[in-house]
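Numbering (UniProt numbering), first residue to last: 1 to 472.
Virtual Cβ for every residue (Gly too), placed ideally from N, Cα, C.
Have a look at the structure below before the remarks.
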């Protein structure tokens, strides 16, 4: 007999439920359970707002010395200190629990304010009056030139025509599967600067508790560690494999146990089987660069420099087959059936609209219009002898080359955009963002790449550059 004890390691919940689980109210002057009493909270427009995000900036950052752009004060304070587990445990017996209310998320707050949506915007008359009381951002004060005070349209709000263009752009945005939900892309340094920029633009009413906790999300993600140690995919996959081993549904547990014992036994015995291919003695992949380099050096000796690439592409297949036949006739230890099948060439080609490469889903551009996601963007880094230009394009079709003995090679046929910086109207760089002209193509006579060479990218419309331009 023994006493079994259980402990809750972590929970996944939204911010209002945080108050119930953690025991700290998520509203009021101390709404942040990380900053606790050291949070910068102020009462304006009958609400509590949370400012002071410059505390997370480096000590020598220029924004710490600015006052007019923020709350008319310079920032000399350091970031709130992190509480130890013992200190938090000591406070648990002294906390008062409070009911939680409905809290708007970050998207509603940001978009509602920019689009000036009634009922969702934080740029209200009370918020403008608070700016007057604080004596900051005179351009956002109420207009009192007429008989009554009028709230003019703020510089960060959009006019009707701008709203249409913005919504048109948002409706055209398509991300790859799983891209938009990847919170790990939020970096600690970036989110602090973003919140500080927001403080220079939006009124204090904009900074609810949901906006403030954004500064802690990267730290929470780092504290939890890599997501692959916390998700359920591995367990679900294993459970699926175990369920497949069930033969007697009346004794499902016994079937799973027997199948697992067989798997472990075969894995253990595989360590000592020398004449059978197992996971422990699989041969390494062939190094095909040796043949390519050898033939290329031969072409350099026999042909002028401007014909080397052309002759290399034309003559290599037959030269490669002749070289492998010589290895076969001489019983060379480097000869293998895989090498001969590769030199013999493909016997059939099959076309597909998409495939998965290294866990990333690629789909042809013809299917993107039917989906709300975008999986056709392709990027190949440069690294040739004459240029380091990166190549950008879109996948059009997937080609599967079938060889003898069921060997196969997957290739991508792409539509490559002209990214040569020496040509006018091909690429633009604005504020560190690269835009490409999709109306100009490149390498139309050489559109194929190996599937494992491609990395996935996203193309977004470039409203500033106009039609035909995409931001990478």
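- Residue state for residue 417 is assigned as strand, using DSSP reduced to three classes.
- The C-beta of residue 71 has 16 or more other C-beta atoms within 10 Å across all chains shown, which makes the residue buried.
- DSSP, read as helix, strand or coil, puts residue 374 in coil.
- When secondary structure is reduced to three states using DSSP, residue 351 falls in the strand class.
- Residue 160 is classed as exposed because its beta carbon has fewer than 16 other beta carbons within 10 Å across all chains shown.
- In the structure shown, the three-state DSSP call for residue 155 is coil.
- Straight-line measurement puts the Cα of residue 362 at about 6 Å from the Cα of residue 356.
- At the C-beta level, residue 416 and residue 459 stay beyond 8 Å of one another.
- At a Cβ-Cβ threshold of 8 Å, residue 122 and residue 203 count as neighbours.
- Between the region 149 to 168 and the region 106 to 120 there are three or more inter-stretch CB-CB distances shorter than 8 Å, so the stretches are counted as touching.
- The continuous stretches of beta strand (DSSP E) do not include residue 320, which lies in the alpha helix (DSSP H) extending over residues 308 to 329.
- Rounded to the nearest angstrom, the Cβ distance from residue 26 to residue 209 is 6 Å, consistent with a contact under 8 Å.
- Counting every other CB atom within 10 Å of its CB across the protein chains shown gives residue 192 a total of 16 or more, marking it as buried.
- Here residue 276 has 270 as same chain residues with Cβ atoms under 8 Å from its own Cβ, once five neighbours each way along the sequence are excluded.
- In the DSSP annotation of this structure, residue 263 is not part of any beta strand (DSSP E); the continuous alpha helix (DSSP H) holding it starts and ends at 252 to 270.
- Ranked by Cα distance from residue 261, the options 462, 245 and 441 are led by 245.
- Cβ atoms of residue 435 and residue 470 come within 8 Å of each other, at about 7 Å.
- Non-local C-beta neighbours of residue 468 in its own chain, meaning closer than 8 Å and more than five positions away in sequence, comprise 437, 438 and 439, ordered along the chain.
- Each of 448, 272, 427 and 300 was checked against the Cα of residue 413, and the nearest Cα belongs to 448.
- Listed as beta-bridge partners of residue 363 by DSSP are 354.
- When DSSP reads this structure, residue 408 sits in a beta bridge with 402.
- The beta carbon of residue 316 sits closer than 6 Å to the beta carbons of 295 from its chain, once the five residues preceding and following it are set aside; these are given in chain order.
- Taking each of 134, 237, 218 and 64 in turn and checking the Cα distance to residue 196, the smallest one comes out for 64.
- In this structure, the straight-line span from the alpha carbon of residue 140 to that of residue 205 is close to 13 Å.
- Between residue 400 and residue 350, the CB-CB gap stays under 8 Å.
- Taking each of 76, 154 and 421 in turn and checking the Cα distance to residue 392, the smallest one comes out for 421.
- At the C-beta level, residue 395 and residue 364 come within 8 Å of one another.
- Excluding sequence positions up to five before and after residue 77, its CB lies within less than 6 Å of the CB of 55, all in the same chain and listed in chain order.
- In the three-state DSSP reduction, residue 248 falls in the coil class, being neither helix nor strand.
- Closest in alpha carbon position to residue 322, among 341, 307 and 309, is 341.
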